[in-house]
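For the record, in the sequence shown the residue sitting at position 54 is 156 according to this note's numbering, with numbers rising by one throughout.
Quick reminder that beta carbons are idealized off the backbone N, C-alpha and C, glycines included.
A quick write-up on the structure given underneath.
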Amino acid sequence: MAPQKILLIDQDPWVLCSLASILERDGYLVAGAAHAEEAILSLHESSFDLVVMDLAAKGVSELDLLSQILMRHPSLPVMILTAMVTHAALEEALKKGAVDYLIKPVEPAQILYRIKKLLTN
């Protein structure tokens with residue numbers, strides 16, 4: 103079976119690098135995007151099994167990128183991984199179609215567990 107492919111969207115390069123490293127060590131193929139335009143381009147050029155995104159992506163308002171992703175790829179699961187967000191924003195993200203969320207900082211084992219759970223369902 104081919105490795106599953108995950109798109110990470112976060113404006114913090116350190117988060118992108120460290121999370122990509124964790125996921126790659128676990129056997130996933132990972133692409134990273136630091137802003138909305140880069141994420142949309144990646145989704146246009148390649149197919150992914152999961153998107154893990156921060157709600158505070160550069161280039162769009164809080165939930166616009168999530169809406170754009172799900173409008174173009176309605177069956178693609180999207181997990182929110184964020185630090186600076188209100189409970190109302192998380193609730194809205196889930197209503198718009200996000201399948202799960204984690205609040206930063208997260209332990210590697212925690213995010214790996216949640217990702218495996220999402221990708222096996």
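>> With the cut-off set at 7 Å, would you say Q106 and L221 are in Cβ contact?
In response: yes
> How would you call M155, buried or exposed, if buried means at least 16 neighbouring beta carbons within 10 angstroms?
Replying inline: buried
>> Whether or not the region 194 to 201 and the region 166 to 178 are in contact is what I'm after, with contact meaning three or more pairs of Cβ atoms, one per stretch, closer than 8 Å; do they touch?
In response: Flag = yes, the region 166 to 178 and the region 194 to 201 touch.
> Where does the unbroken alpha helix (DSSP H) through V117 begin, and where does it stop?
Replying inline: 115 to 127
>> Pop quiz: L183 and V208 are said to be a contact at Cβ under 8 Å. What is the actual Cβ separation, rounded to whole angstroms?
In response: 7 Å
>> Using a Cβ distance threshold of 8 Å, determine whether the region 111 to 122 contacts the region 135 to 147, with at least three qualifying pairs required.
In response: yes
>> Buried or exposed for K115, going by 16 or more other Cβ atoms inside 10 Å?
In response: Rather than Lys, the amino acid found at residue 115 in this sequence is Pro. So P115 counts as exposed.
>> Quick check on DSSP: helix, strand or coil for D202?
In response: strand
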